[in-house]
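To start, the structure under review is shown below, and the notes come after it.
There are 2 protein chains.
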Amino acid sequence: MRSVSIIGAGCTRFGERWEDSLRDLVVETGIMALEDSNVSGEEIDGLYVGNMSGGRFVEQEHIGALISDCAGLSRLHVPSTRVEAACASGGLALRQAVLAVASGYSDVVIAAGVEKMTDVTGGVAADALAAAADREWECFFGATFPALYAMIARLHMHRYGTTREELAQVAVKNHHNGSMNPISQYQMEITVEKVLRSPLVADPLRVLDCSPITDGAAAVVLVPTKIAHKYSDAPIKILATAQASDTLALHDRRNITTLDATVHAAKKAFGQAGLERKDIDLAEVHDAFTIGEIAAIEDLGFVEKGEGGKAAEEGLTWIGGKLPINTSGGLKACGHPVGATGIKQAYEMVLQLRGEAGKRQVEGAKVGLTHNVGGCGGTALVHILSR
Amino acid sequence: MRSVSIIGAGCTRFGERWEDSLRDLVVETGIMALEDSNVSGEEIDGLYVGNMSGGRFVEQEHIGALISDCAGLSRLHVPSTRVEAACASGGLALRQAVLAVASGYSDVVIAAGVEKMTDVTGGVAADALAAAADREWECFFGATFPALYAMIARLHMHRYGTTREELAQVAVKNHHNGSMNPISQYQMEITVEKVLRSPLVADPLRVLDCSPITDGAAAVVLVPTKIAHKYSDAPIKILATAQASDTLALHDRRNITTLDATVHAAKKAFGQAGLERKDIDLAEVHDAFTIGEIAAIEDLGFVEKGEGGKAAEEGLTWIGGKLPINTSGGLKACGHPVGATGIKQAYEMVLQLRGEAGKRQVEGAKVGLTHNVGGCGGTALVHILSR
């Protein structure tokens, strides 16, 4: 199997992009990724795109053909594949692109992600997102997506003593990081006080514990490692790509405070890379809700189970700490255009490992991990990248 | 890159399966495929599923996790990936599964397809299907999906003298084949007269020119060719997997009577397989509408451009003819559960190449081709299989 590297990356500004369509976002990020990677359109022989719910958000399926088309690549008849695993659709696109290059079927592949979420009125977006959970056995009985994560949070607090303030610290840290990221949806810092006073969504989660509705797109360009230096002075090697599944519904899990899909994907990824947890310099993890980041750093093996709550409060996961988490601002502050998130994580990692992350640069970053979750952990993707 | 073979296959009965949910269909076909391939659940290390529009048809996304879950594989945390390319979602799942095995990342992979289409009322299904076309530049202006294919048919008739009766002959042949297929949605034969008197949908296409709304699921099991004989006495080798894209909207094409995505995918597939058109013993092609089969056999290179209309009328494409097409009954008679169709084509080919197709068996079939189209040709997949 061939080793695969990223030679370029692009990401649009995340936010409420009222004047831009899904097509506009794809074109914008595609141009950025191509310019950054020094490849011409003619060289591209594969496209993968993560998109959760074009069918509901913009009434458009067949997103692979659409992005090939609006990128001008349909004239070259480039194979273009949409993949979907709810909020993990972007990470999934990255993995499928790696497999396409590793297999030898493709040489220069774009892995992209896009979601245009603001073209619908309120209830439609919430309902579209609920389709990530189990429609028949969760949503039908009234559970919303935040309600499911709220149950995880409540049990985590009960079982491990995680506090309301510790949840808030995750949001505070990620807004701080987002305030230094020019593509971030939210550019303002917040305080624990502000989080605790924000409106309740699903007890104990408040508005400022939740990632927002976001428009955005991101793309990275992959080639076999052995030709990566032809295009880039600083290619980023993909040391591991791992994916795991779990039950769709929370109530079928052995333990809802642990996302077993994350545990298994992490185990596989560290095995592939031949690395230990201490070798990771920074990580982008799936903080769709603040409890998500706390569970993630536990399930990825960076801290003991039950210790995740303390991490932000004690400084471990801040930039300058031992293991900076979500330097981009995470889903919470940078925004969460569902299908794009997994690719944005890779984009942030490319900047960090190149030393191009500006004010939020992690000093001496050599190896980074990205972690993308679908639904409440029905799918998890873990990638390990190094400069 | 590793050679890949199919060791087993399963397919549900296609039709209006009012009493079965998407889950039920997946479980039914999964059990059939596993029993047929002599693998145990524990050996499976990858799942791919083609599904066009779970979000619209059953309000459920995250279909990869769902099928892993209801197949009992989430306990093993098997990676499970949904892919989508409208009506080509099944063929796309097959190709991604081939890549996963070829890459070395997976050894025993299920490629499945499923669509549950009858849980919605009339307009919703038509609108969900229209999402395969260009929502902004075709559907918004009133084009339905049959209307787009009707334009292809009208120009084909004008340019090449293809007749209304020749279109009807495709339906007559495919219903004849379907009448011999136990899984087929329609078990009755029809006549040219009946097609010509059926209600007009979009001139010149009538109801009996169109594939139906169908519930169904199909699955095949893939392994590296070198271990295929461990599981099966008659493994089916995948000689080629090719995918191509084209513009999403018809009006952007150089010529709407030719699906360039089919032309390019076929060229790549024959190149990979090192075969010529005359080496193909039978094919399953994408007859979502009767004109689709006519264009397909031209664009695949089996007959000259413009000569496709005569093929069914002159007997070429009937069982017993020189190149039997759609022995399963095709999308027209066997049914078209969108995401499952591409896998059902592979299932039919497995039966034919094993000599297990009963009354519709093509004598001495050794090499077969499957052709699956998304939308009006925005995506095309071609696979070549041999015993």
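One line per chain: the protein sequences are A and B, in this order.
The opening residue of the first sequence carries number 4 in the working numbering; numbering runs sequentially from there.
The opening residue of the second sequence carries number 4 in the working numbering; numbering runs sequentially from there.
Each residue gets a CB set at the ideal place from its N, CA and C atoms; glycine is no exception.
Please read all numbers here as calculations on a predicted model, not as lab measurements.
Pair within 7 Å by beta-carbon distance, residue i and residue j
i: Pro342/B; j: Gly181/B; result: In the sequence under discussion, the amino acid at residue 342/B is Gly, which differs from the Pro named in the question. The answer is no: Cβ separation not under 7 Å.
i: Asp290/B; j: Thr261/B; result: no
i: Asp72/B; j: Leu251/A; result: yes
i: Ala91/A; j: Thr382/A; result: yes
i: Asn177/A; j: Gly333/A; result: yes
i: Ile9/B; j: Leu225/B; result: yes
i: Gly202/A; j: Val210/A; result: Note on identity: in this sequence residue 202/A is Pro, with Gly being the wrong assignment. The answer is yes: Cβ separation under 7 Å.
i: Leu76/A; j: Pro149/A; result: no
i: Arg85/A; j: Asn54/A; result: yes
i: Ile297/B; j: Gly318/B; result: no
i: Gln355/A; j: Ala336/A; result: no
i: Cys14/B; j: Ile186/B; result: yes
i: Ala1/B; j: Ala243/B; result: Absent from the structure is residue 1/B, since the part of chain B shown begins at 4 and ends at 390.
i: Glu64/A; j: Ala89/B; result: yes
i: Ala103/B; j: Gly49/B; result: yes
i: Ile294/B; j: Ala314/B; result: no
i: Gln188/B; j: Gly338/B; result: yes
i: Ala131/A; j: Arg59/A; result: yes
i: Met352/B; j: Gly371/B; result: yes
i: Arg363/B; j: Met183/B; result: yes
i: Thr166/B; j: His159/B; result: no
i: Glu46/B; j: Val111/B; result: yes
i: Asp284/A; j: Asp263/A; result: no
i: Val365/B; j: Pro327/B; result: yes
i: Ala269/A; j: Gly304/A; result: yes
Backbone secondary structure at residue i - three-state DSSP
i: Val29/B; result: helix
i: Val117/A; result: strand
i: Tyr350/A; result: helix
i: Asp130/B; result: helix
i: Arg85/B; result: strand
i: Thr217/A; result: coil
i: Tyr51/B; result: strand
i: Ser106/A; result: helix
i: Cys379/B; result: coil
i: Glu309/B; result: Per the sequence presented here, residue 309/B reads as Gly, with Glu not at that position. Three-state DSSP puts Gly309/B in coil, outside helix and strand.
i: Ile9/B; result: strand
i: Thr373/B; result: strand
i: Arg209/B; result: strand
i: Ile193/A; result: coil
i: Val112/A; result: strand
i: Ser71/A; result: helix
i: Gly304/A; result: coil
i: Ile294/A; result: helix
i: Ile34/B; result: helix
Per-residue burial, residue i [other beta carbons within 10 Å of its own, 16 or more giving buried]
i: Ala129/B; result: exposed
i: Ile34/A; result: exposed
i: Thr217/B; result: buried
i: Gly93/B; result: buried
i: Arg257/B; result: exposed
i: His374/A; result: buried
i: Pro82/B; result: buried
i: Thr124/B; result: exposed
i: Ser331/A; result: buried
i: Gly345/B; result: buried
i: Asp39/A; result: buried
i: Met191/B; result: exposed
i: Glu359/B; result: exposed
i: Phe144/B; result: exposed
i: Arg162/A; result: exposed
Whole-Å CB distance - residue i paired with residue j, under 8 Å assumed
i: Ala105/B; j: Tyr51/B; result: With a Cβ gap of about 13 Å, Ala105/B and Tyr51/B do not count as contacting.
i: Pro340/B; j: Val7/B; result: At roughly 25 Å, the Cβ-Cβ gap does not stay under 8 Å, so Pro340/B and Val7/B are not in contact.
i: Ala114/A; j: Ala136/A; result: Rounded, the Cβ-Cβ distance is 26 Å, inconsistent with contact.
i: Ala237/A; j: Arg20/A; result: Between Arg20/A and Ala237/A the Cβ distance is about 30 Å, and since that is not below 8 Å, they are no contact.
i: Leu253/A; j: Cys379/A; result: 5 Å
i: Phe292/A; j: Asp206/A; result: Not confirmed; about 13 Å, so no contact.
i: Val385/A; j: Asn329/A; result: Contact flag wrong, Cβ pair sits at about 15 Å.
i: Glu87/B; j: Ala220/B; result: Contact flag wrong, Cβ pair sits at about 15 Å.
Ranges of the alpha helix (DSSP H) found wholly within the stretch 142–185 of chain A, counting only runs of at least 4: Correct list: 148–163, 167–181.
Complete beta strand (DSSP E) runs within the stretch 236–278 of chain A (minimum length 3 residues, chain order): Here the runs fully enclosed are 239–248.
Contiguous alpha helix (DSSP H) assignments of at least 4 residues, all confined to the stretch 306–345 of chain B: For the stretch 306–345 of chain B, the continuous alpha helix (DSSP H) assignments of 4+ residues that do not extend past its boundaries occur at 311–316, 333–337, in sequence order.
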